[in-house]
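For reference, the structure is listed below as structure tokens.
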Amino acid sequence: MIFPGEEFNKASVKDANINKGLLVDLFNKIDDDSINIHSMMLLKNGSRVFKASAYSFDEDTKENVYSVSKAFTSIAIGILVDKELIRLDTPVFMYNNYATFILSAIVSKVTGKSLNDFLDEYLYKIIGIEKPRWDELKGYSLGASRLYLSANDMARFGLLLLNDGMWKSHRVVSSKYLEEATKLQIKTNYDDLNLDYDKFGYGYLFWLNSFGDFRASGSYQQHIVINKEYGLVFVLKAFEERNLLSLFENYILKAAEEEYNYCDYSLRDFIRRFKINSKEIIIMENKK
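Residue numbers for the sequence shown follow the working numbering, so the first one is 20 and each next one is one higher.
This is the structure in structure tokens:
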């Protein structure tokens, strides 16, 4: 596993043993369907295979990641469990933002710090994230949403998850907690649940994937997708009602499965085209 310093190490698609043709198809799909993506990033074993950002965005642009915030709250709870400052009783499941806000308040009551300040000491500084904005209510970090992160921030967090809570030689959260947090704790295959990708179960504020492993997800298609078999971290920031997890399943995961093949196309050209063609979509979004 390769950990970043100030920047991620770069890997070509050949070095990463990933099918370039399917990544080209990914960018064609985004272009053909006018998908409103703000930023994407793919890591393999800690090295960055590609990054792509829309017009007026880059990998350091910080935005509200909605319910991806919940995954950060989960890690804070895990750290407190590891320190034996709290314990997990029999879990009760109800997906709502208020419950996660209560977890944020618990962190504050136990530590004397806001959730965001606590994570600044025990997470952000360790993995190289500058303390982000996290909106508050009555002095407590919201916990469930309104955390503002860049694609780079999300990728660093994803790499920590991929490596079972270790960052270089530093144990941030125990693998025991992460194993529990990212496995099936509650079934979610309800008939009234509209999103097919959300029907494969929920852990401790992490979603389980139909195609394996887990993810942190937020409204309008904010995702950190983890695939341990191929060592993948996929970050997606968007403003879309359409479910975009199929982009990972049908293109990126398949590209990792099928391995490298020679292709005349330059992926860099398609990434540049994506940025140019996104301008009109982003301008329309800003007018809404």
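For glycine and all other residues, C-beta sits at the position ideal for the given N, C-alpha and C.
Item: Any 3 or more C-beta pairs closer than 8 Å across the region 33-42 and the region 230-243; Value: no
Item: Distance between beta carbons of residue 85 and residue 239, contact taken as under 8 Å; Value: 7 Å
Item: Endpoints, the alpha helix (DSSP H) within which residue 94 is located; Value: 88-101
Item: Rounded distance between the beta-carbons of residue 93 and residue 200, thought under 8 Å; Value: 5 Å
Item: DSSP-derived helix/strand/coil call for residue 141; Value: helix
Item: Local conformation of residue 260 per DSSP, three classes; Value: coil
Item: CA nearest to the CA of residue 144, picked from 75, 263, 267, 189; Value: 189
Item: Span of the beta strand (DSSP E) around residue 69; Value: 66-72
Item: Beta carbon of residue 249 nearer than 9 Å to that of residue 276; Value: yes
Item: The region 62-74 in contact with the region 124-142 per 3-pair CB rule at 8 Å; Value: no
Item: Residue 54 - DSSP class collapsed to helix/strand/coil; Value: coil
Item: Helix, strand or coil at residue 267 according to DSSP, with G and I counted as helix; Value: helix
Item: Residue 104, buried or exposed, once every other Cβ within 10 Å from all chains shown has been counted against 16; Value: exposed
Item: Nearest-angstrom beta carbon gap, residue 43 and residue 289 [assumed within contact, 8 Å]; Value: 6 Å
Item: Those residues which DSSP pairs with residue 252 across a bridge; Value: 62, 245
Item: Endpoints, beta strand (DSSP E) assigned at residue 234; Value: 233-237
Item: Span of the alpha helix (DSSP H), counted from its first residue to its last, around residue 129; Value: 116-130
Item: For residue 205, the residue or residues it bridges with in DSSP; Value: 221
Item: Neighbourhood of residue 296 by C-beta, 6 Å cutoff - its chain only, sequence neighbours within 5 removed; Value: 50
Item: For residue 178: DSSP bridge partner residues; Value: In the DSSP output, where bridge partners are listed per residue, residue 178 has none listed.
Item: Exposure of residue 89, with buried meaning 16 or more beta-carbon neighbours within 10 Å; Value: buried
Item: Residue 180 beta carbon less than 9 Å from that of residue 197; Value: yes
Item: DSSP-derived helix/strand/coil call for residue 159; Value: strand
Item: Distance, residue 23 Cα to residue 97 Cα; Value: 24 Å
Item: Assigned exposure category for residue 112 - 16 Cβ within 10 Å defines buried; Value: exposed
Item: Helix, strand or coil at residue 168 according to DSSP, with G and I counted as helix; Value: strand
Item: Beta-carbon proximity of residue 172 to residue 148, cut-off 9 Å; Value: yes
Item: Exposed unless 16 or more other CB atoms sit within 10 angstroms - verdict on residue 125; Value: buried
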